[in-house]
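The opening residue of the sequence shown carries number 2 in the numbering used here; numbering runs sequentially from there. C-beta atoms are modelled at their ideal positions from N, C-alpha and C, and glycine is treated no differently.
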Amino acid sequence: MSLQDLVFWGFTLAFLVKVPLFPLHTWLPDAHVQAPTGGSILLAAVLLKMGTYGLLRFSIPFGGESFAKYSTLIAVLSLVGILYGAFVAFQQQDMKKLVAYSSVSHLGLVVLGICTQNVDGLTGSVIQNVNHGLSTGALFFLVGFLYEQRHSRMFSDYGGLAALLPRFSFFLVLVACSSMAVPGLNGFVGEVLILLGAFEARTLWAGVAVLGVVFGALYTLILLRKTLFGPVTCSENRSLKDLSLKDLLPLVVLALFMFWIGLAPSFLINKMRPTLENYWKKPESAYAKSGNPT
Numbered sequence: 002m003s004l005q006d007l008v009f010w011g012f013t014l015a016f017l018v019k020v021p022l023f024p025l026h027t028w029l030p031d032a033h034v035q036a037p038t039g040g041s042i043l044l045a046a047v048l049l050k051m052g053t054y055g056l057l058r059f060s061i062p063f064g065g066e067s068f069a070k071y072s073t074l075i076a077v078l079s080l081v082g083i084l085y086g087a088f089v090a091f092q093q094q095d096m097k098k099l100v101a102y103s104s105v106s107h108l109g110l111v112v113l114g115i116c117t118q119n120v121d122g123l124t125g126s127v128i129q130n131v132n133h134g135l136s137t138g139a140l141f142f143l144v145g146f147l148y149e150q151r152h153s154r155m156f157s158d159y160g161g162l163a164a165l166l167p168r169f170s171f172f173l174v175l176v177a178c179s180s181m182a183v184p185g186l187n188g189f190v191g192e193v194l195i196l197l198g199a200f201e202a203r204t205l206w207a208g209v210a211v212l213g214v215v216f217g218a219l220y221t222l223i224l225l226r227k228t229l230f231g232p233v234t235c236s237e238n239r240s241l242k243d244l245s246l247k248d249l250l251p252l253v254v255l256a257l258f259m260f261w262i263g264l265a266p267s268f269l270i271n272k273m274r275p276t277l278e279n280y281w282k283k284p285e286s287a288y289a290k291s292g293n294p295t
């Protein structure tokens, strides 16, 4: 192992813990569960992004040849994380843990986009970083809204909220659609670009990633079904209050960004594209020296 490899892994391991990438993810679910709502929103929307930013800003520029050598290994871990995070989220009975494990899956997709070493994948990763902060931050806000009133995050304590909390239900469905990458919302653009980049790099990567996206839709739909639909089984829920004006304000702002990125992504893409096209052309990047390993 060369000195460049040591420097590369020194930076990369630290940033992959921060992402977090499988199998370095074990701290994240407990951190989200123990954190207050504001802490979870900050962690999901800002702090986790320091990991992917660090990969792009430090690990790859300082160790371009090492990244070319080990990018397949990192991509495989990303794919495992995509499937593992989705599978574990699928089994959760705690809403906050479900959203936490969904982050492992979504951010695995972001790292995969970087590993494709092409412009589409990298563009999708950067956009999806923003998208994850919007959608997952909003999900934690909505879960926290319920927890503050019922002091429970278990699915068994809910059900039938669509009839009781129409404003809450509307935004939960909207944010869930964003997380599932429904066309017209922000998540669609980033995921499609990452998948296009994955197809360009290795078809197998794209196939596995698509499977993870399908599982992601399944656990998100389960979240909606167990929370909003069916009969009202707990009488305590009938006393729940719907979103107030102060609750609606941040959600409306987030929703506007979701629609803006989903319906007019060219604004962001055109701003980023020149910089991202030059990213792999920098002399220190192994992509310029070795080509995209496929």
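Out of curiosity, what's the CA-to-CA distance linking residue i and residue j?
i: residue 79; j: residue 258; result: 27 Å
i: residue 126; j: residue 93; result: 27 Å
i: residue 282; j: residue 22; result: 26 Å
i: residue 64; j: residue 117; result: 16 Å
i: residue 76; j: residue 241; result: 44 Å
i: residue 35; j: residue 137; result: 17 Å
i: residue 194; j: residue 252; result: 26 Å
i: residue 30; j: residue 221; result: 17 Å
i: residue 207; j: residue 196; result: 6 Å
i: residue 267; j: residue 275; result: 13 Å
i: residue 284; j: residue 177; result: Bear in mind that a pLDDT of 44 at residue 284, under 50, signals an unreliable position, so the number given afterwards is only what the model happens to contain. Taking the straight line from one Cα to the other gives about 41 Å.
i: residue 179; j: residue 66; result: 36 Å
i: residue 273; j: residue 124; result: 7 Å
i: residue 192; j: residue 132; result: 10 Å
i: residue 71; j: residue 271; result: 30 Å
i: residue 219; j: residue 73; result: 28 Å
i: residue 83; j: residue 41; result: 20 Å
i: residue 182; j: residue 189; result: 4 Å
i: residue 2; j: residue 56; result: 20 Å
i: residue 296; j: residue 28; result: The structure shown has nothing for residue 296, since the chain only spans 2 to 295.
i: residue 288; j: residue 68; result: Here the model assigns residue 288 a pLDDT of 44, short of 50, so the residue's position is not dependable, and the following value carries that caveat. Cα to Cα, residue 288 sits roughly 9 Å from residue 68.
i: residue 103; j: residue 216; result: 10 Å
i: residue 105; j: residue 19; result: 11 Å
i: residue 269; j: residue 89; result: 33 Å
i: residue 47; j: residue 130; result: 9 Å
i: residue 16; j: residue 234; result: 44 Å
i: residue 245; j: residue 230; result: 22 Å
i: residue 5; j: residue 256; result: 44 Å
i: residue 171; j: residue 32; result: 28 Å
i: residue 49; j: residue 153; result: 25 Å
i: residue 254; j: residue 119; result: 32 Å
i: residue 144; j: residue 173; result: 9 Å
i: residue 45; j: residue 128; result: 15 Å
i: residue 167; j: residue 175; result: 12 Å
Tell me, please, which residues DSSP counts as bridged to residue i.
i: residue 155; result: 95
For residue i, which option in the options has the closest C-alpha, if you only look at C-alpha atoms?
i: residue 51; options: 195, 111, 244 and 228; result: 111
i: residue 149; options: 238, 234 and 168; result: 238
i: residue 54; options: 114, 246, 248 and 211; result: 114
i: residue 122; options: 140, 187, 38 and 198; result: 198
i: residue 142; options: 38, 186 and 6; result: 38
i: residue 265; options: 186, 212, 2 and 220; result: 186
i: residue 249; options: 278, 267, 169 and 215; result: 169
i: residue 214; options: 107, 166 and 271; result: 107
i: residue 277; options: 134, 222 and 58; result: 58
i: residue 247; options: 235, 234 and 146; result: 146
i: residue 25; options: 3, 109, 45 and 71; result: 109
i: residue 224; options: 86, 91, 212 and 84; result: 91
i: residue 87; options: 272, 235, 211 and 280; result: 211
i: residue 43; options: 72, 17 and 140; result: 140
i: residue 60; options: 28, 14, 27 and 153; result: 14
i: residue 165; options: 209, 256, 102 and 232; result: 232
i: residue 279; options: 33, 27 and 62; result: 62
i: residue 236; options: 167, 157, 244 and 188; result: 157
i: residue 262; options: 134, 48, 33 and 32; result: 134
i: residue 227; options: 69, 56, 155 and 129; result: 155
i: residue 184; options: 4, 5, 17 and 260; result: 260
i: residue 81; options: 4, 151, 209 and 171; result: 209
i: residue 151; options: 175, 243, 171 and 120; result: 243
Would you say the beta carbon of residue i comes nearer than 7 Å to a heavy atom of the ligand GTP?
i: residue 82; result: In the structure shown, the ligand GTP is absent, as is every other ligand, since no ligand is present at all.
The segment 150-161 touching the segment 201-221, judged by at least three CB pairs closer than 8 Å: no
Fully enclosed by the segment 48-119, which alpha helix (DSSP H) runs are 4 residues long or longer? 50-55, 65-91 and 96-116
Do three or more CB pairs link the segment 9-21 to the segment 83-100 at distances below 8 Å? no
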